[in-house]
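Read through the structure below, which is laid out as structure tokens, and then see the notes.
Residue numbers (full-length UniProt numbering): 1 to 380.
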């Protein structure tokens, strides 16, 4: 069973796929986790490849990278003569290597688990009877009559001693780990969620963020490389500049294409290196303003870069090839309020309180006030 534990009062997150992949279920038609997964992901190769719901954009991105790069390499190979120096061969080899690396990092970013947090089949149990009373939020999660009532926000202590707030996800039925967020496109909670990238068709999270940085960096490098070499091909011709431009239309097209693309991809690369230096995610940079308060995750520039590139990629929290549990029924909608309170860890002191009565009383009080106001208005 996979679990996530954080210091403080944060509720443990348990993986509903508790059956190991080697243990075969007794059902006649068993299914694996990826076959019954409630997210919007697409799975290939028996659950070994995890794609986002917009994975079709991956072909567009691959074409936008591969076609110009292949055209550049073909042009270099066709114009290469036996008397050319070894430098020309190295330029061709460099273009091939950068193209392969770029496409490789793209697939590594898109085909893996970005850090999906396993869902709970039932809401978390309270680790402390006073857990609800300690919550800093009085915004209760409530739904239909007899539904669960849990604090929306809880406080968690980090290893540094800083206290941060975590939110309850009503979709995944868990308190998210610090820096995690729910992706509305993939319908998953993702560790250290950065953003959902439509160009790679995948969420960018803790497990694939290093590959994403390498992808956009190699794309920027490839654009600059092709742009520079194409300019050299034009300038070294034994004719006037405009004559060379008219003769070498392929180099002109590559120059214009790379010039446009490098502004977008290069700017994105610089922006993400800034985020790494300050230990922020894209989501945090837009939602929170750490320049106005202390960033609890900032460990200094060097340590921030080490945290992204030096540690090993953490293992996936969900074994999508494991057999799906046979009795994952969750909590019935028509369950009694007492049973729901017990299963969600509501303190005994609050179990006897009729919250629904509060709602009905507040509604009746507001109606009485409105009736009195209307009577006064009519008399006036």
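Positions of the beta carbon are idealized from the N, C-alpha and C atoms, including for glycine.
- At the C-beta level, residue 189 and residue 180 come within 9 Å of one another.
- Remark: C-beta atoms of residue 232 and residue 72 do not approach each other more closely than 9 Å.
- A contact is defined here as three or more CB-CB pairs under 8 Å, and the stretch 106 to 118 meets this definition with respect to the stretch 189 to 198.
- The way I'd put it, the stretch 163 to 175 doesn't touch the stretch 249 to 267; fewer than three beta-carbon pairs between them come closer than 8 Å.
- Beyond the five residues adjoining it in sequence on each side, residue 206 comes within less than 6 Å, by CB distance, of 115, 191 and 192 in the same chain, given in chain order.
- In the structure shown, residue 99 adopts helical secondary structure according to DSSP, grouped into three states.
- Between residue 41 and residue 34, the CB-CB gap stays under 9 Å.
- For residue 163, the uninterrupted beta strand (DSSP E) run begins and ends at 163 to 169, by DSSP.
- In the DSSP assignment, residue 186 falls outside any beta strand (DSSP E) and carries neither an H nor an E.
- Nearest neighbour of residue 301 by Cα position, chosen from 274, 320, 241 and 219, turns out to be 274.
- When the beta-carbon positions are compared, residue 177 and residue 117 come within less than 9 Å of each other.
- Closest in alpha carbon position to residue 264, among 224, 52, 152 and 211, is 224.
- Where residue 317 is concerned, there is no enclosing alpha helix (DSSP H), because DSSP gives it neither an H nor an E.
- DSSP, read as helix, strand or coil, puts residue 206 in coil.
- Annotated three-state conformation of residue 48 is coil, per DSSP.
- Residue burial is scored here from C-beta neighbours: residue 267 has fewer than 16 other C-beta atoms within 10 angstroms and is therefore classed as exposed.
- The DSSP-derived three-state label of residue 200 is coil.
- Note on residue 63: under 16 other CB atoms within 10 angstroms of its CB, so exposed under the neighbour-count rule.
- The three-state reading of DSSP puts residue 117 in coil, since its state is none of H, G, I, E or B.
- Taking 4 residues as the shortest admissible run, the stretch 207 to 286 contains the following complete alpha helix (DSSP H) segments, listed from N- to C-terminal end: 209 to 235, 241 to 247 and 249 to 278.
- If you look at residue 75, you'll find it in the alpha helix (DSSP H) that goes 57 to 78.
- Residue range 301 to 309 is occupied by the alpha helix (DSSP H) that includes residue 304.
- With a threshold of 16 other beta carbon atoms within 10 Å, residue 47 meets it and is buried.
- Under the three-state reduction of DSSP output, residue 43 falls in the strand class.
- Shortest Cα-Cα distance from residue 157 to any of 296, 208 and 306 involves 296.
- In the structure shown, residue 106 adopts helical secondary structure according to DSSP, grouped into three states.
- Where residue 34 is concerned, the enclosing alpha helix (DSSP H) starts and stops at 33 to 36.
- Under the DSSP assignment, residue 159 falls outside any beta strand (DSSP E); it carries neither an H nor an E label.
- Within a 10 Å sphere around the beta-carbon of residue 288 sit fewer than 16 other beta-carbons, which makes this residue exposed.
- At a Cβ-Cβ threshold of 9 Å, residue 244 and residue 235 count as neighbours.
- When the Cα atoms are used, residue 57 and residue 241 turn out to be separated by approximately 39 Å.
- Beta-carbon to beta-carbon, residue 43 and residue 49 are separated by about 7 Å, close enough to satisfy the 8 Å threshold.
- With contacts defined as CB atoms closer than 9 Å, residue 105 and residue 218 qualify as a contacting pair.
- Look at residue 174 here: in three-state DSSP terms it is strand.
- In this structure, residue 277 lies away from residue 309, with their beta-carbon atoms at least 9 Å apart.
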